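Position one of the sequence shown corresponds to residue 2 (the numbering used here), numbered consecutively onward. See structure below.
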Amino acid sequence: AASSPQVRKQQTEKFREIRQAYDILIDFLNKRHHNRVRPVSRKPVRKQAYRSKQSVRRHRPETSQKTPSIPSIPLEFGMYTFYQGKVTYQQLIEALVWQRRQRPTMGTIAQKWGWLSEAKVAQILGYRGHAVRFGKKAIELGYLRQHQVDALLKYQQNMQKKIGSYFVERGLLTEEEADQISQKLKTHNSQINRRAKRRNETRR
Numbered sequence: 002a003a004s005s006p007q008v009r010k011q012q013t014e015k016f017r018e019i020r021q022a023y024d025i026l027i028d029f030l031n032k033r034h035h036n037r038v039r040p041v042s043r044k045p046v047r048k049q050a051y052r053s054k055q056s057v058r059r060h061r062p063e064t065s066q067k068t069p070s071i072p073s074i075p076l077e078f079g080m081y082t083f084y085q086g087k088v089t090y091q092q093l094i095e096a097l098v099w100q101r102r103q104r105p106t107m108g109t110i111a112q113k114w115g116w117l118s119e120a121k122v123a124q125i126l127g128y129r130g131h132a133v134r135f136g137k138k139a140i141e142l143g144y145l146r147q148h149q150v151d152a153l154l155k156y157q158q159n160m161q162k163k164i165g166s167y168f169v170e171r172g173l174l175t176e177e178e179a180d181q182i183s184q185k186l187k188t189h190n191s192q193i194n195r196r197a198k199r200r201n202e203t204r205r
């Protein structure tokens, strides 16, 4: 028997979720391969016996494997938290999927701004060219230019919820820990950017 419209809609939404997870996984694996660091579960560093959230201790990964060194490249909050040993690889992927579900799609934004029609969005989604991501597909088809895709991505990222809130809500981090990681991340990225700037200056 043919599927009902409701079933087809659910199947479409499920496919989109799987596709999002796949895209996230590919991005993560590309970064991991670039840094030659294997994603492993790690044991968190013990700080003090008292915790402001009991659930933080309950959900933390506990293994005997060592925490991999933090790569010398700029990182985002989720990746940095992973390399700090606070969350597992699986928890990071789940957090990234959650984050993407909270933000509007590029197609929706492009329609709202009058850059794409509903028909063109559907055509881009169904396009089977070399590109995988929506923006690159739109460029290949000639529907968007690079500066438009960049603007869509920036707006989309500004609209999404912070991944740190996911870790706090799930009891993986306390709010205090999330703030501490945010400060460490800022320092890390500043140091990396300064080194890169010095290297560029010495090459001139």
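Using N, Cα and C, we set each Cβ at its ideal position, and we do this for glycine too. These numbers were taken from a predicted model, which means no experiment stands behind them.
With a threshold of 16 other CB atoms inside 10 Å of the CB of residue i, please say whether the residue is buried or exposed.
i    : result
R80  : It should be noted that the sequence gives Met, not Arg, for residue 80. It is buried - the Cβ of M80 has at least 16 other Cβ atoms within 10 Å.
T203 : exposed
K1   : Past the edges of the chain, shown from 2 to 205, lies residue 1, and the structure says nothing about it.
V150 : buried
E119 : exposed
Q49  : Note that Q49 scores a pLDDT of 47, beneath 50, so its modelled location is shaky; the value from the coordinates is reported in the next line. Answer is exposed; the Cβ neighbour count stays below 16.
R96  : Note that residue 96 is Ala in the sequence shown, not Arg. It counts as buried.
E178 : buried
V1   : Because the chain spans 2 through 205 in this model, residue 1 falls outside it and cannot be assessed.
L153 : buried
L126 : exposed
S65  : Only weak support exists for where S65 lies, its pLDDT of 45 falling under 50; the value from the coordinates is given anyway. By the neighbour-count rule (16 or more Cβ atoms within 10 Å), S65 is not buried but exposed.
Can you tell me which of the options puts its alpha carbon nearest to the alpha carbon of residue i?
i    : options                   : result
Y128 : S118, E141 and E119       : E141
F168 : W99, S73 and R134         : W99
S183 : G172, Q157, Q158 and S166 : S166
D180 : N159, K162 and F78        : F78
Q157 : S73, V122, Q92 and T109   : T109
M160 : R102, P75 and Q192        : R102
P75  : N201, A123 and R196       : R196
T82  : L186, N194, N201 and Q192 : L186
P105 : Q147, K162 and A132       : K162
Which whole-angstrom value is the C-beta distance of residue i and residue j, which I expect to be below 8 angstroms?
i    : j    : result
H189 : I71  : 7 angstroms
G136 : M107 : 6 angstroms
L173 : Q91  : Contact flag wrong, Cβ pair sits at about 12 angstroms.
I164 : S73  : About 22 angstroms separates the two Cβ atoms, so there is no contact after all.
Could you check whether the Cβ of residue i sits closer than 7 angstroms to any heavy atom belonging to the ligand MN?
i    : result
R101 : In terms of ligand content, the structure shown is empty, and the ligand MN therefore cannot be addressed.
The segment 75–89 contacting the segment 113–130, beta-carbon criterion three pairs below 8 angstroms: Flag = no, the segment 75–89 and the segment 113–130 do not touch.
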